[in-house]
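>
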Amino acid sequence: MLRNLFLTALTSLVLLGNSFASAPNRDDKEKEVKIKTSAICGMCKARIERNLAFEKGVKEADLDVKSKVVTIKYNPAKTDISKLKANISKTGYDAEEVTADPVGYNKLPSCCKKGSEMESHQ
């Protein structure tokens, strides 16, 4: 009886120890990057955030329209900064040194294009 109790306690401690040892480190699972874009208005914000949400590994995207910077939280095991910039470019916007994809840019409403009246009012 005492032996069974001892073995149960020992097994519980081993299992508990293994669960803590295998707990993933949040730093390994999530990174944050800030990318300067050519976004202009609230429609740009919605479009960029929506398209980034479909990018594998992206956990959160938030564009500050005033600074034109999108903050992205992502899993580096599933995506990387170059893929995130490519996603923004395909959506029709510049992403730092990556220029907007012409096909995506041509699909943007006129208020979201560079040199638009919206941009000149900001």
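In mature numbering (1 follows the signal peptide of the UniProt record, and there is no 0), the protein residues as written are -23 to -1, 1 to 99. Even for Gly, the Cβ is constructed at its ideal location relative to N, Cα and C. Quick caveat: nothing in here was measured; it's all calculated off a predicted structure.
Can you tell me the Cα-Cα spacing of Glu9 and Cys21, whole angstroms?
For this step, residue 9 is matched to residue 32 along the sequence shown. For this step, residue 21 is matched to residue 44 along the sequence shown. Each residue's Cα considered, the two are about 21 Å apart.
> From Asp57 to Glu26, what does the alpha carbon distance come to, in whole angstroms?
As a first step, residue 57 must be located in the sequence shown, where it is residue number 80. As a first step, residue 26 must be located in the sequence shown, where it is residue number 49. The alpha-carbon atoms of Asp57 and Glu26 are separated by roughly 16 Å.
> Where does the unbroken alpha helix (DSSP H) through residue 113 begin, and where does it stop?
There is simply no residue 113 to check, as the chain begins at -23 and stops at 99 in what is shown.
> Between which residues of its own chain and Lys84 is the CB-CB distance below 7 Å, once the five residues before and five after are set aside?
Here residue 84 refers to the residue found at position 107 of the sequence shown. Gly69.
> From the DSSP secondary-structure annotation, give me the bridge partner or partners of Asp39.
Against the sequence shown, residue 39 aligns to sequence position 62. According to DSSP, which records beta bridges pairwise, Asp39 is partnered with Thr48.
> What does the Cβ neighbour count give for Asp71, buried or exposed, with the cut at 16 atoms within 10 Å?
Along the sequence shown, one-based indexing puts residue 71 at 94. Per the 10 Å Cβ criterion, buried.
> Based on Cα-Cα distance, which residue from Asn52, Gly19, Arg24 and Ile17 lies nearest to Val81?
Counted from its first residue, the sequence shown places residue 81 at position 104. Residue identity differs from the one stated: residue 81 is Gly in this sequence, not Val. Taking only the C-alpha atoms, the option nearest Gly81 is Arg24.
> Could you work out which residue in Glu73, Ser66, Lys67 and Glu7 is closest to Ser44 when comparing CA atoms only?
For the purposes of this step, residue 44 is taken as the residue at position 67 of the sequence shown. Here the closest residue by C-alpha is Glu73.
> Rounded to a whole number of angstroms, what is the C-alpha to C-alpha distance between Ala54 and Glu7?
Working through the sequence shown from its first residue, we reach residue 54 at position 77. Working through the sequence shown from its first residue, we reach residue 7 at position 30. Approximately 9 Å, taken between the alpha carbons.
> For the beta strand (DSSP E) that contains Ile65, what are its first and last residues?
The residue labelled residue 65 in the question sits at position 88 within the sequence shown. Careful: Ile65 lies outside any beta strand (DSSP E), inside the alpha helix (DSSP H) at Ile58 to Thr68.
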